[in-house]
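Mapping the sequence shown onto UniProt numbering, position 32 (from 1) lands on 32, and the numbers just tick up by one. For glycine and all other residues, C-beta sits at the position ideal for the given N, C-alpha and C. Here's the structure, in structure tokens; my notes come after.
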Amino acid sequence: MTVDTAAPSVFDADLPILNYDVTDTPQEVYPQFRAAQQVAPIALGPVGPEVLSYELARTVLGDPKFVIPPGIHLTAHGVTSGELWDRVVASILCMNGAAHRRLRSLVSRAFTPRATARMDETIHAVINELTDAVVAEGSCEFVEQIARPYPIPVICALLGAPREDWQLFSKWAEDIFKVVSFDCNLAEEEPKVLKAWDAFDEYIDGMIADRRKALTHDLLSELIRAEDQGDRLDAGEVKMLAFSILLAGTDTTRTQLAASMEVFCEHPDQWARLRDRPELGMRAVEETMRHSPSMCSTLRSVTDDVTVGDYTFPAGTFIIVNTYAANRDPAIYDDPARFDITRNDPPPILTFGGGAHYCLGANLARRELSEALKILSRRLPNARCVESPSWRPLLGMSGPTRLPLEFHT
């Protein structure tokens, strides 16, 4: 994409306006995104400029001049300093530049497809156990009974925590997740969050001490082993990465599994196709995350004026990269509103981000979702929604809040 120093500011470029409320769901707002896409690759939304086109979104995500604003979720709650702020902005989730590149180079090998393949046995056991608990009833509330409890045991097994401690992790996670939630008063909840975080860190300290005596094949051992040209992670960095994995790898997976299940219920022909052709598992994940993602956007900011293509983003601008709209760009995807797990050679989805901040856990997330969907399509072959699901708002983590299902087995 060419750079033009004469390009106008996005605020002076007569761009289309998006008039939606931050509590609206993706489905409610999509018609506005689609209409705006036909006019320009960017629109002005309630938060700021929103990048809507696939090509421009991919460019912004890959350009290091567009950075992740540190602690943006905390800032939204009025938390801009203090212990919680310091700990959150020191995590890899908020890092940019050389410090971020260093950590990624040290830990990326622990998340290769080959490394995550060893989780299959745990993934199968967890999803089958959750399904066993509901299959005889012929119905379930999918979010509460399957999607919500699914990721924590997988993350625990990944780190190497014993099964008897999984409930501890679940409790800590519920409190720690408040740092990225918009539906709580974080200033009031901060002591509870820090207490859970301290307990989690203390537990991981004990695991690190055990691994220093005898390394195993779990992720914590891989983080301790990680070395790049003589550089190694210290204990504080290992703890921080364990926290980041818990935070980033739990709510995203559970909400996407629920969103994927809903779209399959709306397209029973595709559910039957997955049941009959389980080799389509990974393609099913890509298509559900393209068509019905639980994470619809990612935020970037610029510290200097940055010009991309025909537009300039002034210094200090917060930019929403609207991956939901970009993944339905008709210039890239044929009939983008169609849900089809057999799409031929579709371009890579942008839901996992791009560039230096491409999701480290993307391979694991794909595997968790693919294996779960394949097993569910076989064990709940005629699943259907019994009421219209309600979704969480578009901004932040979206996805169904409830998904009551009926099925015969």
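Where residue i sits in the DSSP three-state scheme
| i | result |
| --- | --- |
| Y203 | helix |
| P16 | coil |
| A326 | helix |
| C385 | strand |
| S9 | strand |
| R232 | strand |
| I319 | strand |
| D4 | Bear in mind that the predicted position of D4 carries a pLDDT of just 47, short of 50, making it unreliable; the figure below should be weighed with that in mind. Residue state, collapsed to three classes: coil. |
| T307 | strand |
| S398 | coil |
| I341 | coil |
| C140 | strand |
| L380 | coil |
| V22 | coil |
| T67 | The residue you asked about is not Thr; residue 67 is Val in the sequence shown. V67: strand per DSSP, three-state reduction. |
Start and end residues, beta strand (DSSP E) containing residue i
| i | result |
| --- | --- |
| L299 | T298 to S301 |
| Y311 | Y311 to F313 |
| E406 | P404 to E406 |
| E50 | P49 to V51 |
| I349 | Looking at the DSSP string, I349 is not in any beta strand (DSSP E), and its letter there is neither H nor E. |
| T59 | Counting along the chain, T59 falls outside any beta strand (DSSP E), though it belongs to the alpha helix (DSSP H) covering Y54 to G62. |
| I42 | I42 to L44 |
Local Cβ density within 10 Å of residue i, reported as buried at 16 or more and exposed below that
| i | result |
| --- | --- |
| N185 | exposed |
| I17 | exposed |
| P31 | exposed |
| L215 | exposed |
| H73 | buried |
| T80 | exposed |
| R290 | buried |
| V10 | buried |
| A383 | buried |
| D12 | exposed |
| H408 | exposed |
| S105 | exposed |
| P153 | buried |
| R366 | buried |
| V386 | exposed |
| G138 | exposed |
| Q38 | exposed |
| A99 | exposed |
| K178 | buried |
| N344 | exposed |
| E190 | buried |
| G316 | exposed |
| D269 | exposed |
| H217 | exposed |
Rounded Cβ spacing between residue i and residue j (contact assumed at less than 8 Å)
| i | j | result |
| --- | --- | --- |
| L233 | L159 | L233 to L159, Cβ: 14 Å. No contact. |
| G249 | G361 | 5 Å |
| E371 | I123 | 5 Å |
| D175 | A196 | 4 Å |
| I320 | E121 | Not really, about 39 Å apart at Cβ, beyond 8 Å. |
| E287 | I341 | 5 Å |
| E237 | L103 | 7 Å |
| V107 | L241 | 6 Å |
| Y311 | P8 | 7 Å |
| A187 | H77 | 6 Å |
For residue i, the first and last residue of its enclosing alpha helix (DSSP H)
| i | result |
| --- | --- |
| P268 | P268 to D276 |
| R33 | The residue you asked about is not Arg; residue 33 is Phe in the sequence shown. Its alpha helix (DSSP H) spans residues P26 to Q37. |
| V134 | D120 to V135 |
| V107 | G97 to V107 |
| D116 | The question names Asp, yet the displayed sequence has Thr at residue 116. Start and end: P113 to A117. |
| I152 | P151 to L159 |
| I176 | W166 to I176 |
| H291 | G281 to H291 |
| S221 | L219 to R225 |
| I72 | I72 to A76 |
| D86 | E83 to V89 |
Near the ligand ATP: residue i beta-carbon under 7 Å from a heavy atom
| i | result |
| --- | --- |
| T409 | For the ligand ATP, the structure offers nothing, since it holds no ligand at all. |
Residue-chain proximity (residue i, chain D), Cβ-Cβ < 8 Å
| i | result |
| --- | --- |
| A173 | Here there is only one protein chain, and chain D is not present. |
Quick one: any contact between the stretch 128–148 and the stretch 110–120, if contact means 3 or more CB pairs under 8 Å? no
contact_flag[the stretch 380–400, the stretch 281–301] where n(CB pairs < 8 Å) is 3 or more: yes
Are the stretch 265–281 and the stretch 166–186 touching, with three or more C-beta to C-beta distances below 8 Å? no
Using 8 Å as the Cβ pair cut-off and three pairs as the minimum, do the stretch 51–58 and the stretch 82–98 touch? no
Contact between the stretch 89–100 and the stretch 326–338 (3+ Cβ pairs under 8 Å): no
Sufficient close CB pairs (3 or more, under 8 Å) joining the stretch 381–394 to the stretch 20–30: yes
Three or more C-beta pairs closer than 8 Å, one from the stretch 124–135 and one from the stretch 363–380: is that the case here? yes
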